[in-house]
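Peer 1:
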């Protein structure tokens with residue numbers, strides 16, 4: 003009871019200068035050092051994740067390439083949004099009735115492989131008849147595409163997915179790319195309005211593969227309600243020539259969308275010179291010709307090689323696609339068309355065509 007308070011406290015632990023106290027101090031210092039090390043590693047990982055180093059960019063068309071269309075697609079949210087937008091923005095009489103669909107109003111070549119902007123313009127001419135003013139329609143095509151998106155944004159995922167579905171095997175292939183190829187950037191090059199393309203990818207589960215290269219909030223276009231779904235691409239809403247009688251614009255407009263996608267990819271790279279090749283994947287003649295047109299595009303980096311992988315999982319045959327490919331030019335242009343029925347869903351065949359699997 004006469005022991006001083008300080009001595010009693012000291013007696014409960016190791017004596018000053020004892021080996022056990024020294025060991026305890028060293029352990030504490032080691033733990034502090036480990037915490038600092040972990041914090042530094044976490045910071046480095048965050049830094050590295052924000053720096054993109056891609057050697058290859060793969061761009062996918064959507065309809066017929068990643069997604070199949072069954073009878074009734076025109077009654078889904080995307081199909082119905084066209085006529086809604088023309089009605090809402092330009093107005094028309096009801097001679098065709100509110101239930102008229104795209105296949106009933108346009109010839110196949112007017113919408114297959116085309117872009118949403120050009121389809122809108124052709125529909126407007128058909129629906130408005132003699133009152134159609136091309137200059138007025140062209141000046142309002144962006145407004146019509148916004149109205150298309152507003153229509154789709156009010157639909158649930160089931161309505162968005164009506165008449166369409168991922169092609170067999172596509173999800174597994176996209177997952178493989180996401181999990182195994184860190185140096186590959188992936189985006190869409192599609193005639194779809196961007197906001198609608200985002201909704202399609204979400205509704206069909208393709209977004210869940212995490213394959214699409216994400217963009218920062220400051221990049222790309224704002225689409226209310228799908229801001230968090232922002233990813234790399236070139237879309238129908240990015241460019242529309244308005245030239246509805248020149249059917250070469252079906253692929254030339256898409257070529258501009260491809261150029262936009264490449265520029266967006268380069269803009270997020272720490273060293274743009276690392277990007278060595280672009281591979282566009284599509285099922286339509288417009289996809290093959292769009293990739294060919296990009297070879298001569300004014301914005302294409304000199305050392306960037308261009309390839310197309312044609313797939314016959316849509317409305318066109320292997321022969322139709324092959325006839326448009328032209329000759330290979332080493333280091334410049336490499337066209338590949340898969341065999342009949344083969345596409346993105348045939349994982350090993352597709353990855354080998356892209357040079358990702360030896």
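Numbering (my numbering), first residue to last: 3 to 360. For each residue, glycine too, the CB sits at the ideal point set by N, CA and C.
#1: Are the beta-carbon atoms belonging to residue 280 and residue 320 less than 9 Å from one another?
#2: Using only the alpha-carbon positions, how far apart do residue 215 and residue 208 sit?
#3: Which full runs of the beta strand (DSSP E) of 3+ residues lie inside the segment 236-287, going along the chain?
#4: Sorted by chain position, which residues of the same chain lie with C-beta nearer than 6 Å to residue 139's C-beta, five sequence neighbours on each side aside?
#5: In the DSSP assignment, find the unbroken alpha helix (DSSP H) run with residue 91 in it and report its ends.
#6: Using C-beta distances below 7 Å, list every residue in its chain close to residue 351, excluding the 5 sequence neighbours before and after it, in chain order.
#7: Here's the rule I'm using: 16 or more other beta-carbon atoms within 10 Å means buried, otherwise exposed. How should residue 253 be labelled?
#8: When the distance is taken between beta carbons, is residue 121 closer than 9 Å to residue 74?
#9: Assuming residue 66 and residue 317 make a contact with CB atoms under 8 Å, what is their CB distance in whole Å?
#10: On a CA-only basis, which of 291, 288, 294, 334 is nearest residue 306? Give me that one, please.
#11: For residue 47, which residues from the same chain have a beta carbon less than 8 Å from its beta carbon, with the 5 sequence-adjacent residues on both sides left out?
#12: Based on the DSSP output, what are the partners of residue 59 in its beta bridges?
#13: For residue 336, which beta-bridge partners are listed by DSSP?
#14: Helix, strand or coil for residue 233? Go by DSSP, reduced to three states.
#15: With H, G and I counted as helix, E and B as strand and the rest as coil, what does DSSP make of residue 102?
#16: Using C-beta distances below 7 Å, list every residue in its chain close to residue 356, excluding the 5 sequence neighbours before and after it, in chain order.
#17: Anyone know if the C-beta pair for residue 197 and residue 228 falls short of 9 Å?
#18: Which first and last residues belong to the alpha helix (DSSP H) in which residue 320 is found?
#19: Which first and last residues belong to the beta strand (DSSP E) in which residue 213 is found?
#20: With DSSP collapsed to three states, give me the class of residue 64.
#21: Grab me the residues of residue 130's own chain with a C-beta within less than 6 Å of its C-beta, minus the 5 sequence neighbours each way, in chain order.
#22: State buried or exposed for residue 328, treating a residue as buried only when at least 16 other CB atoms are found within 10 Å of its CB.
#23: When the Cα atoms are used, what is the spatial distance from residue 117 to residue 289?
#24: Please report the distance separating the alpha-carbon of residue 241 from that of residue 134.
#25: What distance in whole Å lies between the Cβ atoms of residue 347 and residue 115, which are believed to be in contact at a cut-off of 8 Å?
Peer 2: The answer reads as follows:
#1: The Cβ atoms of residue 280 and residue 320 do not sit closer than 9 Å to each other.
#2: 13 Å
#3: 279-284
#4: 123, 126
#5: 79-92
#6: Within the same chain, residue 351 has close Cβ partners 340, 344.
#7: buried
#8: Not a contact, by the Cβ cut-off of 9 Å.
#9: Cβ-Cβ separation between residue 66 and residue 317: approximately 6 Å, consistent with a contact (criterion under 8 Å).
#10: 334
#11: Residue placement at residue 47 is flagged as unreliable, the pLDDT there being 44, under the threshold of 50; the coordinate-derived value follows with that caveat. Shown here for residue 47: not one same chain residue has a beta carbon closer than 8 Å to its own, the five before and five after excluded.
#12: 187, 280
#13: Partner(s): 309.
#14: strand
#15: Residue 102 falls in the coil class under three-state DSSP.
#16: 60, 281, 311
#17: yes
#18: Counting along the chain, the alpha helix (DSSP H) containing residue 320 begins and ends at 320-324.
#19: Neither: residue 213 is in no beta strand (DSSP E) and is coded neither H nor E.
#20: coil
#21: 94
#22: Result: exposed.
#23: 11 Å
#24: 21 Å
#25: About 20 Å; that fails the 8 Å criterion.
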